[in-house]
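A.B. asks: Supplied in structure tokens, the structure appears directly below.
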Amino acid sequence: TDDPGTSFLFDGRTQRDHFVYNPRHEYFNEYSIQEAFTHELAHRYDRYFAHSMSSDLFKQGLLEAQATFNSNPDFFIEFASKNNPNGFLTDIMSAICAGKHPIPGGHNPAYWNMETRVRECFANLFSLDALGYEKSISYLKQFFPTLWQGFQELVEDL
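One rule links them: number in the numbering used here = place in the sequence shown (from 1) + 267.
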């Protein structure tokens, strides 16, 4: 979009089923179009096929992940910040803690509710998996196994 008043970086527009990006955004050059569009495609896949908000296991995994995160937030924030070339891990951590801890690249608490937390976790897990970020996946499997298991059930037919 060339609208100078636009504040988003990337966005999936559901009404017209297309993706838009804002080359005027201050962080635009720090993101990979491939990774950003993989994330937006993940939201589309979730909306039409996976339905992450309907998965009790995935939501349970998110709540368990929150308890694990809260047991040592500095550990999780540090790992995500140091091993986050694409923004997926910090976005997952921001969703897990619902923005209650300052995480580089994370959203503020007003953005998060159960639906945005579930949908963003799904899209970021999908992106990590699709792009083959094994170090991040291994980490998530180790520390948030129910969240990963719930994600795997959602994409098993893909």
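Where a beta carbon is used, it is the ideal one built from N, C-alpha and C, also for glycine.
Where do the N-terminal and C-terminal ends of the alpha helix (DSSP H) with Asp396 fall, by residue?
C.D. replies: Unbroken alpha helix (DSSP H) run through Asp396: 381-398.
A.B. asks: Would Asp270 be called buried (16 or more neighbouring beta carbons within 10 Å of its own) or exposed?
C.D. replies: In this prediction, Asp270 has a pLDDT of 49, which is less than 50 and means its spatial position is unreliable; what the coordinates show is noted afterwards. With fewer than 16 other Cβ atoms within 10 Å, it is exposed.
A.B. asks: Rank Ser405, Ala390, Phe295, Gly373 by C-alpha distance to the C-alpha of Val422 and give the top, closest one.
C.D. replies: The shortest C-alpha separation from Val422 is found at Ala390.
A.B. asks: What number of angstroms, rounded off, separates the C-alpha of Ala347 from the C-alpha of Pro376?
C.D. replies: Cα to Cα, Ala347 sits roughly 18 Å from Pro376.
A.B. asks: Find the nearest neighbour of Phe410 within the set Leu329, Thr305, Gly373, judged by alpha-carbon distance.
C.D. replies: The shortest Cα separation from Phe410 among Leu329, Thr305, Gly373 belongs to Leu329.
A.B. asks: As a quick exercise: from Ala362, Arg386, Glu302, His374, pick the residue whose alpha carbon is nearest that of Asp313.
C.D. replies: Of the listed residues, the one whose Cα sits closest to Asp313 is Arg386.
A.B. asks: Would DSSP call Leu288 helix, strand or coil?
C.D. replies: What sits at residue 288 in the sequence shown is Tyr, not Leu. If DSSP states are grouped into helix, strand and coil, Tyr288 belongs with the strands.
A.B. asks: May I ask you to verify whether the region 336-351 touches the region 400-407, counting CB pairs closer than 8 Å and requiring at least 3?
C.D. replies: Touching, yes.
A.B. asks: DSSP three-state call for Leu425: helix, strand or coil?
C.D. replies: Coil.
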